[in-house]
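Asks: Protein chains in written order, with the UniProt record's numbering: chain A, 1 to 438; chain B, 1 to 438. Quick reminder that beta carbons are idealized off the backbone N, C-alpha and C, glycines included. Computed from a prediction, not measured in an experiment: that's the story for all the values here.
(1) Taking residue 311 of chain A as the query, report the chain B residues whose CB atoms sit under 8 Å from its CB, ordered along the chain.
(2) Would you kindly work out how many angstroms separate the C-alpha atoms of residue 37 of chain A and residue 44 of chain A, rounded to a whole number?
(3) Closer than 7 Å, Cβ to Cβ, to anything on chain B: give me those residues from the segment 207-219 of chain A, in chain order.
(4) Since residue 30 of chain B meets chain A, which of its residues come closer than 8 Å, beta carbon to beta carbon?
(5) Name, please, each residue of chain A whose Cβ falls closer than 7 Å to the Cβ of residue 412 of chain B.
(6) Measuring straight from C-alpha to C-alpha, what distance separates residue 319 of chain B and residue 251 of chain B?
(7) Tell me, please, whether the CB atom of residue 229 of chain B is closer than 7 Å to any CB atom in chain A?
(8) How long is the line joining the alpha carbons of residue 376 of chain B and residue 370 of chain B, rounded to whole angstroms?
(9) If you compare alpha carbons, which of A:66, A:267, A:228 is closest to residue 31 of chain A?
(10) For residue 275 of chain B, which residues does DSSP report across the bridge?
(11) Who pairs with residue 114 of chain A in a beta bridge, going by DSSP?
(12) Assign residue 234 of chain B to one of three DSSP states: helix, strand, or coil.
(13) Helix, strand or coil for residue 395 of chain A, going by three-state DSSP, please let me know.
(14) Verify the CB distance criterion: does residue 167 of chain A have a CB-CB separation below 7 Å to chain B?
(15) Just verifying my parser: in three-state terms, what is the DSSP assignment at residue 67 of chain A?
(16) Spell out whether any CB of chain A is found under 7 Å from the CB atom of residue 422 of chain B.
(17) Using a Cβ-Cβ cut-off of less than 9 Å, list which residues of the segment 348-366 of chain B approach chain A; keep chain order.
(18) Please confirm whether residue 368 of chain B and residue 129 of chain A have their CB atoms less than 7 Å apart.
(19) Can the beta-carbon of residue 217 of chain A be found closer than 7 Å to that of residue 204 of chain A?
(20) Rounded to a whole number of angstroms, what is the C-alpha to C-alpha distance between residue 338 of chain B and residue 322 of chain B?
(21) Chain A beta carbons: is any one of them nearer than 7 Å to that of residue 187 of chain B?
(22) Taking 6 Å as the limit between beta carbons, can you name the residues of its chain near residue 91 of chain A, skipping five residues before and five after?
(23) May I have the straight-line CA-CA distance separating residue 58 of chain A from residue 172 of chain A, to the nearest angstrom?
(24) Which of helix, strand or coil does DSSP assign to residue 257 of chain B?
(25) With a floor of 3 residues, list each beta strand (DSSP E) that falls wholly inside the segment 1-48 of chain A, ordered by position along the chain.
(26) Please list the terminal residues of the continuous alpha helix (DSSP H) segment that includes residue 357 of chain B.
(27) Residues of chain A with a CB under 7 Å from the CB of residue 300 of chain B: which are they?
(28) By a C-beta neighbour count over all protein chains shown, 10 Å radius and 16 as the cutoff for buried, is residue 347 of chain B buried or exposed?
(29) Here's the rule: buried if 16 or more other CB atoms are within 10 angstroms of the residue's CB, otherwise exposed. What is residue 106 of chain A?
(30) Helix, strand or coil for residue 210 of chain A, going by three-state DSSP, please let me know.
(31) Since residue 153 of chain A meets chain B, which of its residues come closer than 7 Å, beta carbon to beta carbon?
(32) Short of 7 Å Cβ to Cβ, which residues in the segment 248-276 of chain B face chain A?
(33) Assuming residue 317 of chain A contacts residue 8 of chain A under a Cβ cut-off of 8 Å, what Cβ separation, rounded to an integer in Å, is found between them?
(34) Taking one C-beta from the segment 138-157 of chain B and one from the segment 421-433 of chain B each time, how about it: are there three or more such pairs within less than 8 Å?
(35) Quick check on the burial criterion: 16 or more other C-beta atoms within 10 angstroms. Buried or exposed for residue 301 of chain A?
(36) Under 7 Å, Cβ to Cβ, is there at least one residue of chain B near residue 43 of chain A?
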């Protein structure tokens, strides 16, 4: 297993085009998956519990007499937590506590004010914040079944005040992940069903006799789950549909090349499509990072995945200076950005687009993935240009409050009447004019 | 033209099923539209300006030598504003000012704090807020071409600090709406192109030689525009895809039946799919509203649209009490909710799901549509259960800030290492462990 990763320089001819090609990733929509998912959604919507039980038998090889048998009692979650070793239990609880503490700062509060402008006497305006009533949390089974993902999705929902949090997790052949169940216990998930795939998304979106309809579905999943979420969007809310994970490291050569190499590995080990890119002002340091990659790779249990990811999607890029590095970073709008710099703070303000910025040599992404506090669900595929980390705000929504006094209705009614007539909406105009005193 | 609107009572057998059937609305996806839109998107992506110019010639009957000829100079926007009568200009400027003043309260600020928990010495966490770089604003041509819609979309973008706001508005046969151009001038729209349809969405999403790529596209449009927005989502952000407009009025019989009837009309005049529902505790008052409907309808210029909307989608519903009315309102999660009540405030807190709440007899929706201050772009089709009015927050995004001290990396590294090994991600574990002092 030899390490190969392309080396580029921002002064290469055609550099921008090369970079764009490297970043390009189109989540292909597979016609067969779309068809299968459309059918599953329709069947679950029509047949409810019976359809979900049947799909679970077929796809997860799990035979249950009815839907109730697929619900895990709370005692089983508590037992999973009690069964953990002290070290794991401690780590999970400390991580959950830190994530909670950070997210509590994201809680938004309702506000109201009295409109003091002329002619508005007593008019009050505001914005009311309410949590979602009920949220579904999808947790994948198999290889990508991560307890940290339960923490990162469940904690902000609970901090927001969501009334009921329903987790679904497929357990093929009945195999349960005890860490995931323990994480559900720690975060106060209300109900857990051992179902997955498009059938679980359908059950949450439409409701069945046993599974109540939710208002939003969050959490990662495979191509079937992603297609199902896209299709039920509108009936329920969904979180973003995530692409491959990415890290961009900006270095001035002041760091430890082994640390940089391992940080690139940590991203690349997720899967072969993950993307690890280094921007560095110091050519000699890039060479040392390359040496570290070559030396450290054979030690890694997931070396094959890492090697493929680095070869196909990775790059070590020489840049002129840190200003140029920040410009390129803004173009990439990376999910994770590490500022591996001696004096990082002057550069933080130049970054406009990133999911999370890890500042300085000790701020390594892996700490953010588990326990620094901020969320690890972050915008991928350049969507940090327009979207945000998962947060408490994704589980709260706003309602405008409009309380217009009789005096205010006189002032506003005249404006609204002019504008409504201008738009040819006479009933709008009349409903405002009726409130005018003669 | 006779007025027909169904009368229901919450004590009718099968009431809930009847209500659900009345609310049901599925935005049908038309296969022919999907196919046409996919083709237009692909062509514009490949051929850029030339494709947009050609589609504009074909669909809008507007012949331009090149894309530059389809851009309106700023002087033309200023001339449109200068050409308005004083009454219209005043009304537009007052409305824009009020919308701006309300939305300024929605601006979110970055925050940082030092983590004071044990072992985290000097670690700082935070959340950085940045505006979007560039936003596209779609404004429909023809009948639904509303200057108020320009205000409601452009003002929050500008308040958020969006760098460049690019408006597209089709002008079939070259016919321009002067009020819309004046609204663009007032709100400081940066560039305006007279293009529309899926080709305008494609130009904004992918960029062309003349039209720069945007980060998000907002604004209402027809079925082609909606389909195009759904397809480019991910490449750029989009706002919600709106369904038919709705009003729910809760009355205790204390209001004026003519006002209630006209408020129902104002919603129904939008289009035949618009929905107007009254919940009232007073049977005699419902009768008086019905009389008002019959008497006032013939006076309305848009009476045919109103009559069809009320007949197919409207209802006057007798409820037992106001508690039940609030329960039904939460089930409906209406876009607009009017509390036409003598003592409205005690009921505001019982409403969990609504786009906007209009409190008391003088708070009529038409004032909110134009000039009360809050946004008139609101969640439809029950999506107020999980989404919010358009606001400044739709044009800002968040970046997590993580600055872990050397001491903090010791504390967090041990936790992360345990959890990463638990998930089988050894490079994650190693990248944390490398920061540990021996």
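Replies: So, to answer that:
(1) Start at 1 with the first residue of the first chain, and residue 311 of chain A comes out as number 311. Chain B residues near residue 311 of chain A: none, gap ~16 Å exceeds 8 Å.
(2) Position 37 of the first chain, counted from the first residue, corresponds to residue 37 of chain A. Position 44 of the first chain, counted from the first residue, corresponds to residue 44 of chain A. If I take the Cα positions, the gap works out to 11 Å.
(3) From the segment 207-219 of chain A, only 215, 216 have a Cβ closer than 7 Å to chain B.
(4) For the purposes of this step, residue 30 of chain B is taken as residue 30 along the second chain, with counting starting at 1. Residues of chain A whose Cβ lies closer than 8 Å to the Cβ of residue 30 of chain B do not exist, since the nearest Cβ in that chain is about 16 Å away.
(5) By one-based count along the second chain, residue 412 of chain B stands at place 412. Below the 7 Å Cβ cutoff, chain A contributes 367, 371, 372 as neighbours of residue 412 of chain B, in chain order.
(6) As a first step, residue 319 of chain B is located in the second chain; it is residue number 319 there, counting from the start. As a first step, residue 251 of chain B is located in the second chain; it is residue number 251 there, counting from the start. Those two C-alpha atoms are separated by around 10 Å.
(7) For the purposes of this step, residue 229 of chain B is taken as the residue at position 229 of the second chain. For residue 229 of chain B, not one C-beta of chain A is nearer than 7 Å to its own C-beta.
(8) Locating residue 376 of chain B in the second chain gives position 376, where the first residue counts as 1. Locating residue 370 of chain B in the second chain gives position 370, where the first residue counts as 1. In this structure, the alpha-carbon of residue 376 of chain B lies about 8 Å from that of residue 370 of chain B.
(9) Indexing the first chain from 1 puts residue 31 of chain A at position 31. Comparing Cα positions, the closest option is A:228.
(10) On the second chain, position 275 is the one that residue 275 of chain B refers to. According to DSSP, residue 275 of chain B bridges with B:246.
(11) Position 114 of the first chain, counted from the start, is the residue given in the question as residue 114 of chain A. In DSSP, residue 114 of chain A forms a bridge with A:124.
(12) Translated into the one-based positions of the second chain, residue 234 of chain B becomes position 234. Taken through DSSP and simplified to helix, strand or coil, residue 234 of chain B comes out as coil.
(13) Within the first chain, the letter at position 395 stands for residue 395 of chain A. Secondary structure at residue 395 of chain A: helix, using DSSP grouped into helix, strand and coil.
(14) Position 167 of the first chain holds residue 167 of chain A. Interface with chain B (7 Å Cβ-Cβ cutoff): residue 167 of chain A is excluded.
(15) Within the first chain, numbered from 1, the residue matching residue 67 of chain A stands at position 67. In the structure shown, residue 67 of chain A sits in a helix (DSSP, three-state: H, G or I).
(16) Translated into the one-based positions of the second chain, residue 422 of chain B becomes position 422. Yes, because at least one Cβ of chain A sits closer than 7 Å to the Cβ of residue 422 of chain B.
(17) Only those residues of the segment 348-366 of chain B whose C-beta falls short of 9 Å from the nearest C-beta of chain A are listed: 348, 349, 351, 352, 353, 354, 355, 356, 357, 358, 359, 360, 361, 362, 363, 364, 365, 366.
(18) As a first step, residue 368 of chain B is located in the second chain; it is residue number 368 there, counting from the start. As a first step, residue 129 of chain A is located in the first chain; it is residue number 129 there, counting from the start. No, these two residues do not count as a Cβ contact at 7 Å.
(19) Here residue 217 of chain A corresponds to residue number 217 of the first chain, with the count starting at 1. Here residue 204 of chain A corresponds to residue number 204 of the first chain, with the count starting at 1. Closer than 7 Å, so yes.
(20) Position 338 of the second chain holds residue 338 of chain B. Position 322 of the second chain holds residue 322 of chain B. Between residue 338 of chain B and residue 322 of chain B, the C-alpha separation is close to 13 Å.
(21) As a position in the second chain, residue 187 of chain B is number 187, starting the count at 1. It does not; no Cβ of chain A falls within 7 Å.
(22) Position 91 of the first chain holds residue 91 of chain A. If we look at residue 91 of chain A and ignore the five residues flanking it on each side, it has no Cβ neighbours.
(23) Within the first chain, numbered from 1, the residue matching residue 58 of chain A stands at position 58. Within the first chain, numbered from 1, the residue matching residue 172 of chain A stands at position 172. Using only the alpha carbons, I get a separation of about 10 Å.
(24) Taking the second chain and counting its residues from 1, the one referred to as residue 257 of chain B is at position 257. Here residue 257 of chain B sits in helix by DSSP.
(25) Taking 3 residues as the minimum length, the beta strand (DSSP E) runs contained wholly in the segment 1-48 of chain A are 6-9, in order along the chain.
(26) Against the second chain, residue 357 of chain B aligns to sequence position 357. Judged by DSSP secondary structure, residue 357 of chain B falls outside any alpha helix (DSSP H) and instead within the beta strand (DSSP E) spanning 356-359.
(27) Indexing the second chain from 1 puts residue 300 of chain B at position 300. Under the 7 Å cutoff, chain A gives 426, 427.
(28) On the second chain, position 347 is the one that residue 347 of chain B refers to. Classification for residue 347 of chain B: buried.
(29) Within the first chain, the letter at position 106 stands for residue 106 of chain A. By the C-beta density criterion, residue 106 of chain A is buried, having at least 16 other C-beta atoms within 10 angstroms.
(30) Along the first chain, read from residue 1 onward, the residue named residue 210 of chain A stands at position 210. Note: residue 210 of chain A maps to coil in three-state DSSP.
(31) As a position in the first chain, residue 153 of chain A is number 153, starting the count at 1. Contact note: residue 153 of chain A does not reach chain B at a C-beta cutoff of 7 Å; the least C-beta distance is about 15 Å.
(32) So the close ones are 258, 259, 262, 263, 265, 266, 269.
(33) The residue given as residue 317 of chain A occupies position 317 in the first chain. The residue given as residue 8 of chain A occupies position 8 in the first chain. Indeed, because the Cβ distance is near 5 Å, the residues count as touching under 8 Å.
(34) Output reads no: the segment 421-433 of chain B does not touch the segment 138-157 of chain B.
(35) Start at 1 with the first residue of the first chain, and residue 301 of chain A comes out as number 301. Counting the other CB atoms within 10 Å of its CB gives residue 301 of chain A a total below 16, which places it among the exposed residues.
(36) Mapped onto the first chain, residue 43 of chain A falls at position 43. Chain B, which has no Cβ nearer than 7 Å to the Cβ of residue 43 of chain A, makes this no.
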